[in-house]
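Report on the structure given below.
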Amino acid sequence: MLSDLAIRLRALFRRRAVETELEHELRFHFERQVEKYVQSGLPLDEAMRRARLEFGAMDGVKEDCREARGVHVIETLGQDVHYGLRVLAKNPGFTVVAILTLALAIGATTSIFSVLYAVLLRPLPYRDAGSLIVLNETTPKVGTVSVSYPNFLDWRAASRTFSQMVAVRQVGINLAGISQPERINGYAVSPPFLSMLGVRPFLGRDFYAAEENAGAPAVLLLSFDLWQSHLGADPNAVGKTITLDGRSFTIVGVLPSNFHALDKTDLIVPIGVWTTNNSEAKERGERGDLDVIGRLAPGVTLPQARAEMEGIAARLEKDYPATNDQFGVSLTPIRDQFVGDTRAAILVLFGAVMFVLLIACANVANLFLVRGAARTKEIALRIAFGASRSRIIRQMLTESFVLACFGGALGVALAIGSIRGIARLIPMDMLSGAAVSVNGAVLLFAAGVVVLAAFIFGLAPALHSTNPNVQSELKQAGRNASAGVAQNNLRRALAITEMSLALILLVGAGLMTKSLYRLMEVNPGFRPDRVLTMEMDLRTQQYSNDPAIINFWQQVLDGVSALPGVESAAVGTVTPLTDSHSRADISIEGMAELKPGSYPHPDVHVVSSGYVTALGIPLLRGRTFTPSDNEQAPHVGMINALLSKRYFPNGDVLGKRFRFGHAGEDWITIVGVVGDTKLYGLANPARLEVYVPFRQGANNDMVLIVKSGTDPAALTSAIRGVVASIDHDQPLFAISTMNALVSGSVSTRRITLILLGLFSALALTLAAIGIYGVISYSVAQRTHEIGIRLALGAQRRDVLGMVLTQGVKIALVGVAIGLTASIGLARLMSSLLFSVSANDPIIFVGVALMLILVAMLACYIPARRATRVDPMVALRYQ
Amino acid sequence: MPDPRIDLPQGTLDLLILRTLALGAQHGWAISERIHHVSSNVLRVQQGSLYPALHRLERRGWIKALWGASENNRRAKFYDLTPSGRKQLETEKTEWKKLTDAVAQVLGTA
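These protein sequence lines are chains A and B, in that order.
When the letters of the first sequence are read in order and numbered with our numbering, they come out as residues 285 to 1162.
When the letters of the second sequence are read in order and numbered with our numbering, they come out as residues 2 to 111.
In structure tokens form, the structure reads like this:
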């Protein structure tokens, strides 16, 4: 086998020498044969003729020898690439159009794949991420909710299907004492958290098991980013202390740079720090921002674990009816938790971009066919010279491959150029923290696309132009007919394919447009214009009692209201569309006692007197809060229209009373009814809401809402100044205009629409070019026939109609196929749609008409050309 | 004159070449001449199949090529058996014998 390799290598790298030797060897044979015949008495010319006859085609023998030496494939590939490059260089127009078409399609495909990879495929930075499950509690009233700490402890104790289970409690922390106070995001976690994920600290140690218990020392692990930005990447950071919310914490370690928990993580502390002196940790009914992550025991499936956990939840429901009635449990693989509801959008976009790629391939295949027709002579010649069909197909495929490589390289360059733009366009929550980039996996995908594309657009034309039938047909038809019926059929089929794919994309884009339009028409229940929102979470150390908290907020309100340009200012909790929520059971005076779990469970807004005014929430009955609804005044509240309608159907609501919880709390008198607001997205129905004045329900964490006369964002620094003058360590965060919140709440839909629109425009253009190419080629072919028709008295109008009909027929077949396919495919995107049926007839008909119109326009140019045919010239042309 | 030549059955060309080279190194033309003569002008190897076969055998390592002077003192490419080629020749001869015996037996009894 060594000789084999040596010969192959020699043949490959010393090709010239090998070729010369081969030439020499065969010539020697030939000359000896001639000599022999001459010796036997033949004249020289006769001897040479006989020898040559016997020898056959010298090139064929050489070719067979090369093949026998086994370097054939690589070597001819090199030749073919070289030849392909020359052919492409000779047809710059064809080459540029084909490469640009492919580059656009491959670029778009690669970009979308890089998003798909980052969100759906990228390996999560955890050990065996497939067996990590996120657990939540569920209640029919709300859906998925956080887990209470006592329930978590019972789950963990009872479960056998999970080998490990940890609690992860989100904790917001104010980091002060540096240039500008800021808000950072931390997690209090059960000590095995990191080891369960398979993550090792970059520096320092993991938490100790004992740090689960209340009274644990204040230790923490910093994120890599925070360690870099706030500790200057100090290698001796471990053991140092930092102050958070007025408490001193010892740094015991630094997290690795790629660490990412369920959300952005700046630091983690052991859960014992959180449970210390924390009543919430002991109350089974307190479900606030606590998730549970578990690792399935080896061999356990998700359904098994779900069955076990449902059993455990049912038992807890029976044991603790007051807090657990109707509370179940949900299990979500950690990947799905990250991906959320963007999977459908990403898959739809990926499907769309694959369609664009197919259309581009069909277009390039069409170009190849046209050019193949022009090259039939060359191909016929090569076949006559003894080239086998497979050899020519291989060579033509190599040409497609070279072309696809150029297209692919340019496409990847486009993708790299556009990826930043796309990544910026795509909302962070859609990416779930993943960085979108053109990485190895993406490049591999692009390479795969190039090969696939080369085959798709290269194979049909290659098979076609070497088809023996086509070849003989060409020989008979002489110089004029450069393509036969078979080729026209193939080209028509390609155009039809393009039309139907474009139609499917347009239907998708149409449905998305209508959904977004409908969604933006939804009344959010408030007026978002010129409203600025920002959040503050007062440190519990400094603001530990109600008077201090109320005093701070009152000072902020007074200071901000006095700023020039401010129309009104207010504070409130649970502002719409911000993902914040605070819900509680209420009981209404006079209503029969309910069983636990069936009490009304509204969202609770704690607001200052100007809240409904600043947000423009309509007051329907009674009055809004006034500054005199203070600590000393009787407790008052407002409810929303939905609650009023459901629980006070006869409209007799003012003066009625409700209270939080089921017993014991103070009664609250209803003084007003306001309109419903959309808290959880425009697409979701309104929920029950109650409002209480902030002076009667002091809250550390509130959102400042400022309605301005002009551009609200310009007020940010002035407001910062007001807050700093009251407490210079108090950070403001989540600063946003209300309009940005509204448009952010539909951003996944919007970006899907923008990209889908872009892709369908591209598809439509390519399809129009495709049908234009088919028709104008057919007109060129039929010049003679059209000339005869005109000579025989046909009107130019008839000719125009004839050509247009040809185009419309193609479009109609494409539309018919596309519509049928759309009916099935549109259903796949129904989760992205809002108040639009996946089979919306107006969209379907509109898109079909549009496509036919575009096809007619594309055919009009060649049709006009047909009418200008001069019969005399056309007839002479034959 | 009826053509006395017959087509070579598949795979026998390699055997013939190896057998011819067992007598000593030869160049391509001499190999084909020799086969022609030894077979009493029945077997004729076309160049179109001879040279690809030679190159194939060389790649397999059964024969090796060297440049030398021909009988009329011109540079020619000679082929010679390698030790593994010699072994291959024995194997192929045995196979061939088995095959022809078996075919003869079938023809004789049928």
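Just so it is clear, CB atoms sit at the ideal spot from N, CA and C, and this is done for glycine as well.
All values reported here derive from a predicted model rather than from experimental measurement.
With contacts defined by Cβ atoms closer than 7 Å, V1087(A) and A1150(A) form a contacting pair.
For G344(A), the chain B residues whose Cβ falls inside 9 Å of its Cβ are G49, in order along the chain. Contacts with chain A at 7 Å (Cβ-Cβ) do not include Y80(B).
Residues of chain B whose Cβ lies closer than 7 Å to the Cβ of R316(A) are, in chain order, W30. Under the Cβ criterion of 7 Å, E307(A) is not counted among the residues facing chain B. Residue contact check for P53(B) against chain A: a CB pair falls below 7 Å. At a cut-off of 7 Å, the C-beta of H37(B) has no neighbouring C-beta in chain A. A contact is defined here as three or more CB-CB pairs under 8 Å, and the stretch 969-984 of chain A meets this definition with respect to the stretch 917-925 of chain A. Restricting attention to A646(A), L694(A), R905(A) and I677(A), the CA atom closest to the CA of T660(A) is found in I677(A). Of E305(A), P1146(A), S992(A) and S474(A), the smallest CA-CA separation from R1066(A) is found for P1146(A). Burial is judged here by how many other beta carbons sit within 10 angstroms of a residue's own beta carbon; H889(A) has at least 16 and is buried.
Residues of chain A whose Cβ lies closer than 9 Å to the Cβ of R75(B) are, in chain order, F312, E315 and R316. In the pairwise beta carbon analysis, the stretch 1019-1032 of chain A is classified as touching the stretch 807-816 of chain A: at least three pairs are separated by under 8 Å.
Interface with chain A (7 Å Cβ-Cβ cutoff): R57(B) is included. Interface annotation, G325(A): not in contact with chain B, CB-CB separation never under 7 Å.
Using a 10 angstroms sphere on the CB of K879(A), the tally of other CB atoms stays under 16, which defines it as exposed. DSSP, reduced to helix, strand and coil, places A70(B) within a strand of the structure shown. Taking the Cβ atoms as the reference, V503(A) lies roughly 7 Å from V553(A), within the contact range of under 8 Å.
Taking 7 Å as the cut-off, the Cβ atoms of V720(A) and V399(A) count as close. Annotated three-state conformation of R76(B) is strand, per DSSP.
The beta carbon of F339(A) sits closer than 7 Å to some beta carbon of chain B. The C-beta distance from D609(A) to S430(A) rounds to 17 Å, too long to fall under 8 Å, and the pair is not in contact. Burial of P1015(A) is indicated by the presence of at least 16 other C-beta atoms within 10 angstroms of its C-beta. Rounded to the nearest angstrom, the Cβ distance from L361(A) to T682(A) is 7 Å, consistent with a contact under 8 Å. In the three-state reduction of the DSSP assignment, F942(A) falls in the strand class, which pools E and B. Here DSSP, grouped into helix, strand and coil, assigns P617(A) to strand. Straight-line measurement puts the Cα of T304(A) at about 13 Å from the Cα of W68(B). The alpha-carbon separation between P605(A) and N1123(A) amounts to approximately 46 Å. Below 8 Å, too few C-beta pairs join the stretch 75-90 of chain B and the stretch 377-384 of chain A to call them touching: fewer than three. Assigned with DSSP and collapsed to three states, Q363(A) falls in helix. Closer than 7 Å to the CB of C349(A) there is at least one CB belonging to chain B. By the CB criterion at 7 Å, A854(A) and A898(A) fall inside the cutoff. Taking C-alpha positions only, G874(A) is separated from K425(A) by approximately 22 Å. Residue range F446 to L459 is occupied by the beta strand (DSSP E) that includes Q448(A).
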